[in-house]
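Chemist: Residues in the sequence shown are numbered from 1 upward in steps of one, following the UniProt record's numbering. The beta-carbon is built from N, C-alpha and C at its ideal position, and this holds for glycine as well.
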Amino acid sequence: MIRTWLAVATTTMPRQWIRTVPTTWAALPSLQRAPVLPTAQYKSSARPPTPAASAASRPHSTQPTSRSTMTVNDPAAFRVTQHAVPGAATDPATAAPLFHPFTIRGVEFPNRISVSPMCTYSAQNGIATDFHLVHMGQFALRGVGLSVMEAAAVVPEGRISPWDLGLWSDDHVAPLKRIADFFKVHNGPKLGIQLAHAGRKASTLAPWMVKRGEEYMAGPEVGGFVDQVVAPSPVAWSESMADPRELSVEEIQGLVQAFADAARRCDEAGLDVVEIHGAHGYLIHQFLSPVSNQRNDDYGGSLENRMRFLVEIVEAVRGVWPASKPLFLRLSCTDWVEDSTWDIAEVIEVVKRVAPLGVDVIDCSSGGNAKHQKISLAPLYQVPFADQIKQAVPDVHVVAVGLITTAEEANEVVGEGKADLVMMARPFLRDSWVQSTAHTLGTEIAYVAQYERGRL
Ligand SMILES: Cc1cc2nc3c(=O)[nH]c(=O)nc-3n(C[C@H](O)[C@H](O)[C@H](O)COP(=O)(O)O)c2cc1C
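1) Taking only the alpha-carbon atoms, compute the straight-line gap between residue 188 and residue 454 and give it to the nearest angstrom.
2) Tell me which residue opens and which closes the beta strand (DSSP E) that residue 364 is part of.
3) Count the CB pairs spanning the segment 159–173 and the segment 190–210 that are closer than 8 Å, and state whether there are at least three.
4) According to DSSP, is residue 410 part of a helix, a strand, or is it coil?
5) Select from 86, 153, 336 and 272 the residue whose C-alpha is nearest the C-alpha of residue 144.
6) Under the three-state reduction of DSSP, which class applies to residue 275: helix, strand or coil?
7) Got a sec? Which residues, its chain only, sit under 7 Å from residue 298 by beta carbon, not counting five neighbours each side?
8) Less than 7 Å separating the Cβ of residue 331 from some heavy atom of ligand 1?
9) For the alpha helix (DSSP H) holding residue 314, just list the boundary residues, first then last.
10) Is the separation between the beta-carbon of residue 112 and that of residue 420 shorter than 8 Å?
11) Indicate whether residue 515 and residue 192 have their beta-carbon atoms separated by less than 8 Å.
12) State the CB to CB distance for the pair residue 302 and residue 235, rounded to an integer number of angstroms; the pair is presumed to be in contact (CB under 8 Å).
13) Just how far apart, CA to CA, sit residue 209 and residue 169?
14) Can you tell me which of the three DSSP states residue 448 falls into?
15) Quick one: is the Cβ of residue 426 within less than 7 Å of any heavy atom of ligand 1?
16) Might you give, ordered along the chain, the residues of its own chain that have their beta carbon closer than 7 Å to the beta carbon of residue 448, omitting 5 neighbours on each side?
17) Look at residue 342 and residue 374 and say whether their C-beta atoms are less than 8 Å apart.
18) Mapping the DSSP letters down to three states, classify residue 106 as helix, strand or coil.
19) Taking C-alpha atoms, which residue in 318, 338, 322 and 398 lies nearest to residue 348?
20) In three-state terms, what does DSSP make of residue 186?
21) Run the proximity test for residue 117: is its beta-carbon closer than 7 Å to any non-hydrogen atom belonging to ligand 1?
22) Compute the Euclidean distance between the alpha carbons of residue 28 and residue 413, then round it to the nearest angstrom.
23) Just mark residue 272 as buried or exposed, buried being the case when its beta carbon has 16 or more other beta carbons within 10 Å.
24) Who are the near neighbours of residue 410 in its chain, counting only those whose CB is closer than 6 Å to its CB and skipping five residues on each side?
25) Pull up the distance between the alpha-carbon of residue 418 and that of residue 219, whole angstroms please.
26) In angstroms with no decimal places, state the Cα-to-Cα distance between residue 432 and residue 139.
27) By a C-beta neighbour count over all protein chains shown, 10 Å radius and 16 as the cutoff for buried, is residue 326 buried or exposed?
28) Got a sec: does ligand 1 put a non-hydrogen atom nearer than 7 Å to the Cβ of residue 150?
29) On the DSSP bridge list, what partners appear for residue 328?
30) Along the chain, where does the alpha helix (DSSP H) that runs through residue 465 open and close?
31) Determine the direct distance from the alpha carbon of residue 440 to that of residue 287, and round the result to whole angstroms.
32) Check the C-beta distance from residue 328 over to residue 361 and give it rounded, since I have them as a contact under 8 Å.
33) Quick check: is any heavy atom of ligand 1 less than 7 Å from the C-beta of residue 279?
34) For residue 469, which of helix, strand or coil comes out of DSSP?
35) Who are the near neighbours of residue 116 in its chain, counting only those whose CB is closer than 7 Å to its CB and skipping five residues on each side?
36) Beta carbon of residue 202, beta carbon of residue 160: below 8 Å?
See below:
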């Protein structure tokens, strides 16, 4: 039966492939070994190969090996040489702006499309699982220029839920490195992660666990830690969230160190980008906004004091994060409430302070810190924040995010110079976006070798 299947399969394959098809399953291991090329050899060109060059080297090394040397799950055990950077325009000179490459410090992004960080509630004790490899890996295969992994907590009680990613221990490094290695093997799409502390919004359930009208705090029965929730001030986000305890100055300084330790682990894992999460009502935003910060010490009151925690984190993270790698900062550019001074004017002051400390990119989001917020939701509604920051602080790069859904919208935001990169979250939960967007914009991009035949 196997032979019959192979006979049928080979009739549908290009002639040059037929000689590589095994006639018994015992032959399979020799197909699955390929030499591990140094990184430089993967990075030959941004252009897809000519058909002749491609056929000459396709698809794997047939270097002989024995069954006994085969290693399951060893990233080196199965590699296909990628001849181009997935997602890179074949001809950048004529490509739509969304597919222009972009370099920050020593990192080149093949296009301006990014996956926005998205909690997936799928980690175990903060450790990335196979879900994360497959989930993030799909973006490498699809040629997303930059994929930023979800909020990863710098301490266990900083998790939004008990199933968040974590970076508080060296045990977290190896599974993240496995994902980063997968991206590197695929030759160019970049991988980042968000460093976070949820503060008073910690210890909640995954969205699919919450029934309408019921509690969404995660109690100890599911690994929650409601009694360890901390914040700048003892002010709950709402009556259905934890009552936080006020952080001492000593604890604040411990958290600054925790952010730096987490960033060091990101470098050890081989990640390209770190994004500090200063938005959405999580701990850093809680310090920045007077809605949640009612301290009267060096960390509260004036804007200078409210931004102190963030400034110290940026300095500490930059101290360990390599100078060759970009540092992003996500900020909520307004609280969307009338009784808060935290708005674009204060945000611009903060950006002016942190950019010279080594923040390269401001990722411009909004809201999340006040239950009584009134958000004006509309397509591209946060783009003006990115545009305003870019105009006020020209040295900093900006990301636009939020209800950017179509190819034309994303291309226009970048083409008109309102943002350097666009990030999207929910569109990537619906479909893979990059190839169809390139098609819509009339730009030819490189595919991973294994997907080449998907071209129409
Ligand atoms: C499932 C899901 C999880 C999210 N998790 C995070 C997160 O971990 N960190 C973060 O900064 N934003 C998070 N967000 C917000 C997105 O990154 C993004 O800013 C927001 O969804 C708006 O973009 P969109 O309109 O393209 O979805 C999440 C959004 C979704 C839908």
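Modeler: With the given structure in hand:
1) 20 Å
2) 361–365
3) yes
4) helix
5) 86
6) strand
7) 305 and 308
8) no
9) 308–320
10) yes
11) Missing from the structure shown is residue 515; the chain here goes from 1 to 456 and no further.
12) That pair is no contact at about 19 Å.
13) 27 Å
14) coil
15) yes
16) 82, 86, 141 and 186
17) no
18) coil
19) 398
20) coil
21) yes
22) In this prediction, residue 28 has a pLDDT of 27, which is less than 50 and means its spatial position is unreliable; nothing more can be read from the coordinates.
23) buried
24) 98, 404 and 422
25) 43 Å
26) 8 Å
27) buried
28) yes
29) 275 and 361
30) Residue 465 falls outside the range modelled here, since the chain spans only 1 to 456, and no answer is possible.
31) 43 Å
32) 4 Å
33) yes
34) Outside the modelled stretch of the chain, which goes from 1 to 456, sits residue 469, for which no answer is possible.
35) 148, 401, 423, 424 and 425
36) yes
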